[in-house]
Every structure is written in structure tokens, then in C-alpha cells.
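Sequences listed follow chains A and B, in order.
FYI, the numbering for the first sequence is 59 to 257, going by this note's numbering.
FYI, the numbering for the second sequence is 16 to 217, going by this note's numbering.
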Amino acid sequence: MNYPKFFENTPTIKLQDPLSDFLGTFEEGIVEFSYLDIVKSAGHSCPTVSGAYLCTVKALEELYKDETPIRGNIHVRFKSDPLEGVAGVIANVVTQITGATEHSGFKGLNGKFARNNLMEFSADISAQMEFKRLDTGKSVTVNYDPSSVGANPKMQELMGKLMQGVASSEEKKAFGELWQERVKAIFERANEVVRVVLH
Amino acid sequence: MILNYPTFFKTRPIIKLQDPLQKFLGTFQDGVIEFNYLEITKNAGHSCPDVTGAYLMTYRALKALYNDEELPVRGEIEVAFNKDYTDDITSVMADVTSHITGATLKLGFRGVEGKFSRIEKLKFNETFEGNIRFKRLDNQKEVIAKYDLSSIPIDAKQDILMSKVLSGEATLNEEIDFEVLWQQRVEKIFNHASEVITIIKG
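Set out below in C-alpha cells:
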């Protein structure tokens, strides 16, 4: 598989999954996700997917500090409606990393290991997202705003050509490169575009 | 970092697909991507007969729907179940098929100008005999996958050990024995894929 080189330089995230441990899937239940893992499942790399990835990584860093975040122990709330714009794309990224789902996922064994009912939409919160640790009750709110990372002006024109089916193969390639350049810049400026507040 | 997991996770059939959205946005050259069982278990949070069954059914169904010269196309595959998404096994299996094919119920990419949409491609409460129905949306061809584990018995010790582990009474050795037995059965399912899975062409 050939993908943009910068994928390799993006942060990875390590978590502990008690269900994986219980069923002998990963030693000590330790799992690690990379941006590449997320992109494959999402079907694309874009400012929304990279934003959701960075928001989750930074939220868990703040919530767990030196501890390893625990899958299934994280409750996530979104301000937006699930059917609105890119809410679903963001939610899927968060689910893949934290294991949290609204209705799907594992329903648990003897009251343990459940992954459903860990995600809520249209929540009455002041930020775009909120991540809460179920063991300590601590939470963080997260806002993502990539508007300071400008898109190359050529992108809009190229995208229009692509959608109309009149782009040459060079133009198609150029569009893909410009698109991924912006995603790369978002990663480089993660501290500016993602704001995490501990509560 | 190196993850430690049963060695068979990476030697199992790899599922290769084409994703037009990936190609459009310059993510993967030619939009070609591959999934292995390891990646699916990371997302699912575990490896078990349901996760394995869903993985193998998807692999076999896509082989039947697309011949060897064609790559299955993410976003062009509808996946249907005959139970509700609140059913435990159904939702675990649906998540696996969603990870591979890109199909989602409502949470997914909604498309650009009518293209590349990933929503409303997972269907529940459909009427058919079998476990999962896969349909190509370009030519309407469909197959139904049936999964029957009756030929792969559960080791008698497994259930006893499982209740001990769940109640917190298991010794460390018993915990390990349980984990090994559990994953041995999963490996056996992979080794008997052609017996446990039947693909019926529609």
C-alpha cells in the first residue's frame, strides 16, 4: 500500500483493552493505533479524520497523563447531531480508538467489558466533544478548529474539475497531493488547532 | 512498539479492496488497501468466534462476488443482517463488516456531490436465511454467507475456566489456560474456514 510519507511521522496511541486481555487477544490487553489504521477504516485521510484523531489523542493524554488509557472506560459526548455533516466520520474515528459506541459493539459479559452506551450525540456541552473517564469521573472538553491552516487556493478549482470528470490525470494527482499537504500541516500545528480543557 | 498476540493473527487471509474515496483524496495510490485479522481485532477489542466468523464470511463473500481479476470496491457493497443492530452478535459482526467494506448504517461519510457515500449501506432486520447477505450495488449481484460452528466443539474446560476468570477466582495459570483455549478455537475456525462457512449465490 502506498500512502503519504507523513503518515509515518504522526503520533501513535497506546491503550489497554481489558476485553482483549481477558480473551487472550493481546498480551496484557495492550493495543496501539496509528493514523494509518484509522485512515484505512475511514476510507480517506482528510482534515476531519485527522482532527478527530488528534482530538482523541490529546484528550486521552490530558485525561490519563502517564497512565495507559483504558478502552471501554471512556465515555464520549458530541454536541452535534449524529446525522449532521461529518459527525459520523468523527464518531467512527473515536470509536475505533476508544472502543466506545452508541448502540453497536460488544454488549458485555456479566456486566463487564460492554462497549455500547458509551457514546452520546446532541449533548448539552459547551465544546464540540467531551471525553470522560468512568473510573475517576474526570472529563475534558475538546474543540477543533483548523481554519488557521489554510487550503491551497488551487484546491477548490481542481476539486471542481475532478467532480465534473474533466480533470487530467496530472490534475487528479495534484489535487490529492494538495489535499494531503493540508492534512500534514494540521498534524504539524496540532497544538494550535486542538484545544483541550480539563474539568 | 511491538504488540504481542497469537501468531496466527497475521498469517490469515488478507482482504484486499479498492477504495475510490481514498484515490480521490490522494490517500492511497490507486486506492488499493488491505486489511488483516489483527487490525480487525484491535478495533473490535478482542478475537472471538463472532469476530472471526464475520471476517471470514466477508472474505469469502467478496471472493464470490468479485472474481479474482476484480478488487472489491469499498462503498459499493451493501451488507445486511436478519436481526436488529441491538442484538449482541449482530452488532459485533456488523462492526467487522463495516471496518472492511466501509458500509455504515448512519455514522459514516455522507458523500461529495452524491459520490463516495458510506451511509445506509448496513441493513438490519432483513428477511433471509443465513448470517450475512452481501450485495454489489453496481450490478445488484448478491450472496448469503452462512456460518455454522457445530463442527468445532468447545473444549469442556473452557466454560469452567471462563466462569472462574469472570468471578475473579482463577489462578494466573487458569487465566492463561483459558486464553489459550479460547484462541485455539479461533485458530481452528480459521483452519476449517471452508467447512464452517457456506456461500450461497443469490
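We treat Cβ as the ideally placed atom computed from N, Cα and C, and that holds for glycine.
Neighbouring residues, chain A, relative to residue i (Cβ below 7 Å)
i	result
residue 48 (chain B)	59 and 98
residue 89 (chain B)	101
residue 44 (chain B)	60
residue 101 (chain B)	161
Residue-chain proximity (residue i, chain B), Cβ-Cβ < 8 Å
i	result
residue 221 (chain A)	yes
residue 83 (chain A)	yes
residue 74 (chain A)	no
residue 108 (chain A)	no
residue 191 (chain A)	no
residue 164 (chain A)	yes
residue 186 (chain A)	no
residue 113 (chain A)	no
residue 95 (chain A)	yes
residue 240 (chain A)	no
Interface residues of chain B facing residue i [CB-CB closer than 7 Å]
i	result
residue 89 (chain A)	18 and 57
residue 77 (chain A)	60 and 61
residue 149 (chain A)	122
residue 154 (chain A)	58
Other residues of its chain near residue i: CB distance less than 6 Å, five sequence neighbours each side excluded
i	result
residue 205 (chain B)	27
residue 68 (chain B)	162
residue 37 (chain B)	43 and 46
residue 196 (chain B)	170 and 173
residue 3 (chain A)	Here chain A comprises residues numbered 59 to 257, so residue 3 (chain A) is not present and cannot be evaluated.
residue 160 (chain A)	177
residue 59 (chain B)	66
Listed by chain order, chain A residues near residue i by CB distance under 8 Å
i	result
residue 121 (chain B)	140, 141 and 146
residue 69 (chain B)	Ordered by position in chain A, no residue passes the 8 Å Cβ test against residue 69 (chain B), which lies about 12 Å from the chain.
residue 207 (chain B)	Under the 8 Å cutoff, chain A gives no residues; its nearest Cβ is about 20 Å from residue 207 (chain B).
residue 109 (chain B)	162
Residue i classed as buried or exposed, judged by whether at least 16 other C-beta atoms fall within 10 angstroms
i	result
residue 62 (chain A)	buried
residue 102 (chain A)	buried
residue 256 (chain A)	exposed
residue 152 (chain B)	exposed
residue 16 (chain B)	Here the model assigns residue 16 (chain B) a pLDDT of 49, short of 50, so the residue's position is not dependable and the matter cannot be decided.
residue 192 (chain A)	exposed
residue 160 (chain B)	buried
residue 192 (chain B)	buried
residue 237 (chain B)	In the structure as shown, chain B starts at 16 and stops at 217, and residue 237 (chain B) therefore has no counterpart that could be examined.
residue 86 (chain A)	exposed
residue 118 (chain A)	buried
residue 226 (chain A)	exposed
residue 183 (chain B)	exposed
residue 166 (chain B)	exposed
residue 206 (chain A)	exposed
Cutoff 8 Å: residue i Cβ touching any chain A Cβ
i	result
residue 134 (chain B)	yes
residue 117 (chain B)	yes
residue 60 (chain B)	yes
residue 37 (chain B)	yes
residue 211 (chain B)	no
residue 23 (chain B)	no
residue 153 (chain B)	no
residue 164 (chain B)	no
residue 197 (chain B)	yes
residue 124 (chain B)	yes
residue 181 (chain B)	yes
residue 34 (chain B)	yes
7 Å CB neighbourhood of residue i in its chain, flanking five on each side removed
i	result
residue 204 (chain A)	105, 109, 244 and 251
residue 115 (chain A)	69 and 71
residue 113 (chain A)	187, 200, 202 and 252
residue 100 (chain B)	106, 109, 120 and 139
residue 158 (chain B)	76, 79, 80, 149, 214, 215, 216 and 217
heavy atom of the ligand COA below 7 Å from residue i C-beta
i	result
residue 48 (chain B)	Absence of the ligand COA is noted for the structure shown, with no ligands found whatsoever.
Contacts of residue i in chain B (Cβ-Cβ under 9 Å)
i	result
residue 180 (chain A)	None at all; the shortest Cβ gap to chain B is about 13 Å.
Residues near residue i in its chain [Cβ-Cβ closer than 8 Å; skip 5 each side]
i	result
residue 29 (chain B)	49, 50 and 51
Contact list for residue i against chain B, beta-carbon separation under 8 Å
i	result
residue 253 (chain A)	In chain order: nothing, as chain B lies at least about 24 Å away.
residue 234 (chain A)	38, 39, 40, 41 and 42
Check your understanding: Counting pairs of Cβ atoms below 8 Å between the region 83 to 94 of chain B and the region 111 to 126 of chain B, do you hit three or more?
Key -> Result yes; three or more Cβ-Cβ pairs closer than 8 Å.
Review point. Counting pairs of beta carbons, one from the region 84 to 95 of chain A and one from the region 138 to 152 of chain A, are three or more of them closer than 8 Å?
Key: Contact check between the region 84 to 95 of chain A and the region 138 to 152 of chain A: fewer than three CB pairs, one atom from each, fall below 8 Å, which does not count as touching.
Review point. Between the region 212 to 219 of chain A and the region 128 to 138 of chain A, are three or more C-beta pairs nearer than 8 Å?
Key: The region 212 to 219 of chain A makes no contact with the region 128 to 138 of chain A: fewer than 3 CB pairs, one atom from each, lie closer than 8 Å.
Check your understanding: Using 8 Å as the Cβ pair cut-off and three pairs as the minimum, do the region 62 to 81 of chain B and the region 133 to 143 of chain B touch?
Key -> Taking a contact to require three or more Cβ pairs closer than 8 Å, the region 62 to 81 of chain B and the region 133 to 143 of chain B do not qualify as touching.
Exercise for review: Report yes or no: do three or more beta-carbon pairs, one from the region 171 to 178 of chain A and one from the region 214 to 227 of chain A, lie closer than 8 Å?
Suggested key: When C-beta atoms of the region 171 to 178 of chain A are compared with those of the region 214 to 227 of chain A, fewer than three pairs fall below 8 Å, so the two segments do not count as touching.
Check your understanding: Does the region 222 to 236 of chain A touch the region 174 to 184 of chain A, meaning 3 or more C-beta pairs lie closer than 8 Å?
Key -> Here the region 174 to 184 of chain A makes no contact with the region 222 to 236 of chain A; the two share fewer than three CB pairs at distances below 8 Å.
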